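In terms of our numbering, the sequence shown opens at residue 837 and continues consecutively. As structure tokens, the structure follows; a few thoughts come after it.
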Amino acid sequence: MTISRRVFGLTAILAGAVGLAILTEIKARLAAIPLTEMWVIFGLLVLLPTLIDDPHNHANWTEHDANLLLIGAAWCLADWLGRTGPQRVGVASGVLIRCRIVYSANCHRPLLPARISS
């Protein structure tokens, strides 16, 4: 088994464990900080060598860009989880409320489907 497959497998297992910690709000910030570091290491060990080997392959750039988005999201999540009080509601409810507000503001659609009367 190559180093890339081992790192990829370990990354998948750790990402699942971090996701579980964040959803249950048990040591969520403590899990989100290493998540950022984990995606950086994954990018350096797995994605960067493939990008250097074949820089003209668009799939390599797409994977690298997606990894950068994951790094940014994990970093923002760790920062958000560090906030307390009125700055942060709950992890699940806060994200859901913010997503609904953004969805309704950007799409001009109702939040919930209209009820069908019988």
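Where is the CB? At the ideal position from N, CA and C, for every residue including glycine. Computed from a predicted model, the values in this text were never measured in an experiment.
When C-alpha distances from Val843 are compared across Pro870, Gly855, Met874 and Ala868, the shortest belongs to Met874. Excluding the 5 residues flanking it on each side, Thr886 has same chain C-beta neighbours closer than 6 angstroms at Asn896, in chain order. Secondary structure of Asn893 (DSSP, three-state): coil.
Take Leu850, set aside five residues on each side of it, and the residues of its chain with a beta-carbon closer than 7 angstroms to its own are Met874, in chain order. One thing to note: Ile907 has its Cβ within 8 angstroms of the Cβ of Thr872. DSSP places Leu866 in the uninterrupted alpha helix (DSSP H) bounded by Ala864 to Phe878. Between Ala868 and Leu904, the CB-CB gap reaches or exceeds 8 angstroms. Leu917 is positioned such that its CB atom lies closer than 8 angstroms to that of Ala864. The residue from Ala902, Ala910 and Trp911 with its alpha-carbon nearest to that of Leu883 is Ala902. Shown here, Thr898 sits in a helix according to DSSP, grouped into three states. Gly918 sits in coil when the DSSP states are folded into three classes, being neither helix nor strand. C-alpha of Gly845 to C-alpha of Arg919: approximately 31 angstroms in a straight line.
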